[in-house]
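Just below is one structure, and these are the notes that go with it.
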Amino acid sequence: MKHLISPLDLSVSELKEILDLAGDIILDPGKYANVCHGKKLATLFYEPSTRTRLSFEAAMLNLGGSVLGFSSADSSSAAKGESVADTIRVISSYADICAMRHPKEGAPLVASTYSSIPVINAGDGGHNHPTQTLTDLLTIQILKGRLDNLTVGFCGDLKFGRTVHSLINALVRYENINFVLISPDELKIPTYLREEVLDANHVSYKEVKVLEEVMPQLDLLYMTRVQKERFFNEEDYIRLKDSFILDTKKMEYAKKDMLVLHPLPRVNEIATEVDKDPRAVYFKQAEFGVYVRMALIMKLLEDESC
Ligand code: CP
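Under my numbering, residues 9 to 314 are what the sequence shown spells out, in order.
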């Protein structure tokens, strides 16, 4: 059985298959309207979510399947002390596939070892968010036309931002990718990512503190929210939360075809005035999340002819 726990669980050719399938779904969604008839997706969300949970649910409904689940730990028996292992054993008999978000890093991996249905990591702590990565790759592939030969700026909370960690892991497998990592010292990427992913793969990258200085070099700017929920004290969060605010003035430094991505939710890091700029594609990116999750569900249920 195949699970999706880390972005590296999918080979580059499997990624291509999913992105191509998502592209075909966009062109002809009606063709896929009943392919998961009779199948059930469980969404087990121990942490808040708008896009990931609802786009998973929309994806399964678009495929003709059904959905069940919970949207907070408090409304599940986790509040009574039930383990992830016991929960997934039970859910395995209620659904055909599940998407799990959990504040603890590694919880979906633990679940996958006890599960008899495919488990999709829908975000585990500050670690990984592989289906956001699929969403990001589809956005880049469609709107930029390529996944190689790119200079990608990541800006904001690169320490706790799991979407950043997953996308870096995925992009290093493509040719001629350069990263510009823009953050305050306290929010730099984790050491394991620098040493085991960037250095180990001889990837070109630099770490800077001023966004404007590097804007003209970027093909993509991936803005991120400072992850309040991962901070140990509020003072640090308040000090760092507005480290970077992208506004129309800063956009003047960017290439005419640079794209601004953001996994959302946004707080202050992109001024709403930027939304009107055609290079701001974060709402389109959220829309693409439905199609790529449709493709992923189909792929993971393939063996069961869904
Ligand atoms: N991008 C993302 O994971 O958004 P949600 O937290 O709303 O699911």
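Using N, Cα and C, we set each Cβ at its ideal position, and we do this for glycine too.
Inset, instruction - Output the residues surrounding the ligand CP, defined as those with a CB atom closer than 7 Å to any ligand heavy atom, in chain order. - result: For the ligand CP, the selected residues are P56, S57, T58, R59, T60, R61, G131, H137, Q140, T171, P271, L272, P273.
Legend entry - Identity of the residue in L49, G153, M266, T60 nearest I125 by Cα: Counted from its first residue, the sequence shown places residue 125 at position 117. Closest by alpha carbon: L49.
Legend entry - According to DSSP, residues forming a beta bridge with N136: By one-based count along the sequence shown, residue 136 stands at place 128. Bridge partners of N136 according to DSSP: D132.
Legend entry - Residues bridged to S21 (per DSSP): Against the sequence shown, residue 21 aligns to sequence position 13. Answer is none; S21 lacks a bridge partner.
Legend entry - Continuous beta strand (DSSP E) assignments of at least 3 residues falling wholly in the region 170–194: For the region 170–194, the continuous beta strand (DSSP E) assignments of 3+ residues that do not extend past its boundaries occur at 185–190, in sequence order.
Inset, instruction - Could you pull out every residue in the same chain whose Cβ sits closer than 6 Å to the Cβ of Y230, ignoring the five residues on either side in sequence? - result: Indexing the sequence shown from 1 puts residue 230 at position 222. If we look at Y230 and ignore the five residues flanking it on each side, its Cβ neighbours are F162, L269.
Legend entry - 8 Å Cβ shell around V282 - same chain, five flanking residues per side excluded: Taking the sequence shown and counting its residues from 1, one reaches residue 282 at position 274. Hits under 8 Å: L254, D255, T256, M259, V268, A288.
Inset, instruction - Could you tell me which uninterrupted alpha helix (DSSP H) segments, each at least 4 residues in length, are contained entirely in the region 209–264, listed from first to last along the chain? - result: As far as the region 209–264 is concerned, its whole alpha helix (DSSP H) runs of at least 4 residues are 219–222, 242–248, 256–259.
Legend entry - Rounded separation between L145 and I176 - CA only: Indexing the sequence shown from 1 puts residue 145 at position 137. Indexing the sequence shown from 1 puts residue 176 at position 168. The alpha-carbon atoms of L145 and I176 are separated by roughly 11 Å.
Inset, instruction - Can you have a look at S313 and say buried or exposed, based on whether 16 or more other CB atoms are within 10 angstroms of its CB? - result: Translated into the one-based positions of the sequence shown, residue 313 becomes position 305. Legend: pLDDT at S313 = 47, less than 50; position of this residue unreliable, value from coordinates given subsequently. Flag for S313 reads exposed.
Inset, instruction - Measure from the alpha carbon of C44 to the alpha carbon of each residue in V20, T139, G72, E65, then state which is nearest. - result: Counting from one through the sequence shown, the residue named residue 44 turns up at place 36. Comparing Cα positions, the closest option is G72.
Legend entry - Where P56 falls, given that 16 or more other Cβ within 10 Å makes a residue buried: By 1-based counting over the sequence shown, the position of residue 56 is 48. In the assembly as shown, P56 is an exposed residue. Its beta-carbon has fewer than 16 other beta-carbons within 10 Å.
Legend entry - Counted within 10 angstroms of its Cβ, other Cβ atoms place A303 as buried (16 or more) or exposed: In the sequence shown, the residue the question calls residue 303 occupies position 295. Here A303 is buried. Its C-beta has 16 or more other C-beta atoms within 10 Å.
Legend entry - V205 in three-state terms, based on DSSP: Sequence index remark: in the sequence shown, residue 205 carries index 197 (1-based). It is helical.
Inset, instruction - Within 10 angstroms of the Cβ of V20, are there 16 or more other Cβ atoms? Answer buried if so, exposed if not. - result: As a first step, residue 20 is located in the sequence shown; it is residue number 12 there, counting from the start. Taking all protein chains shown into account, V20 has fewer than 16 neighbouring C-beta atoms within 10 Å of its C-beta and is therefore exposed.
Legend entry - Euclidean distance between Cα positions of M266 and D227: Against the sequence shown, residue 266 aligns to sequence position 258. Against the sequence shown, residue 227 aligns to sequence position 219. Rounded to whole angstroms, the separation of the alpha carbons of D227 and M266 is 5 Å.
Legend entry - Nearest-angstrom Cα separation, counted from V98 out to S91: To locate residue 91, count along the sequence shown from 1; it is residue 83. To locate residue 98, count along the sequence shown from 1; it is residue 90. A straight-line Cα-Cα distance of about 11 Å links S91 and V98.
Legend entry - 8 Å contact criterion, which L219 and I190 should meet: CB distance rounded: For the purposes of this step, residue 219 is taken as residue 211 along the sequence shown, with counting starting at 1. For the purposes of this step, residue 190 is taken as residue 182 along the sequence shown, with counting starting at 1. With a contact defined as Cβ atoms closer than 8 Å, L219 and I190 qualify at about 5 Å.
Legend entry - Three-way DSSP call (helix, strand, coil) for S313 in this model: Stepping through the sequence shown from its first residue, residue 313 is reached at position 305. Reliability of the predicted coordinates at S313 is poor, the pLDDT of 47 falling under 50, and no value is obtained from them.
Legend entry - Check whether A107 and T141 have beta carbons under 7 Å apart: Residue mapping note: residue 107 aligns to position 99 of the sequence shown, counting from 1. Residue mapping note: residue 141 aligns to position 133 of the sequence shown, counting from 1. Between A107 and T141, the CB-CB gap reaches or exceeds 7 Å.
Inset, instruction - Please look up how many angstroms separate the CB atoms of K47 and D104, rounded, as I've assumed it's under 8 Å. - result: Counted from its first residue, the sequence shown places residue 47 at position 39. Counted from its first residue, the sequence shown places residue 104 at position 96. Sure, about 5 Å apart at Cβ, within 8 Å.
Legend entry - Three-state class that DSSP yields for S123 in the structure shown: By one-based count along the sequence shown, residue 123 stands at place 115. Coil at S123, not helix or strand.
Inset, instruction - Kindly indicate the opening and closing residues of the beta strand (DSSP E) around K48. - result: Position 40 of the sequence shown holds residue 48. Under the DSSP assignment, K48 falls in the beta strand (DSSP E) whose first and last residues are 48–53.
Inset, instruction - Counting only the same chain and skipping the five closest in sequence on each side, list residues whose C-beta sits under 8 Å from that of V180. - result: Locating residue 180 in the sequence shown gives position 172, counting from the first residue. Counting only Cβ-Cβ distances below 8 Å, and skipping sequence neighbours, we find V205, L206, N209, V211.
Legend entry - Chain-order list of residues whose beta-carbon lies under 7 Å from that of I33 (same chain, five-residue window excluded): Taking the sequence shown and counting its residues from 1, one reaches residue 33 at position 25. Same-chain partners within the cutoff: Y40, Y299, M302, A303.
Legend entry - Local conformation of S79 per DSSP, three classes: The residue labelled residue 79 in the question sits at position 71 within the sequence shown. Under the three-state reduction of DSSP output, S79 falls in the coil class, being neither helix nor strand.
Legend entry - C-beta contact flag for I96 and S79 at 7 Å: Reading the sequence shown from its first residue, position 88 is the one you call residue 96. Reading the sequence shown from its first residue, position 71 is the one you call residue 79. Against a cut-off of 7 Å, the Cβ pair of S79 and I96 comes out as no contact.
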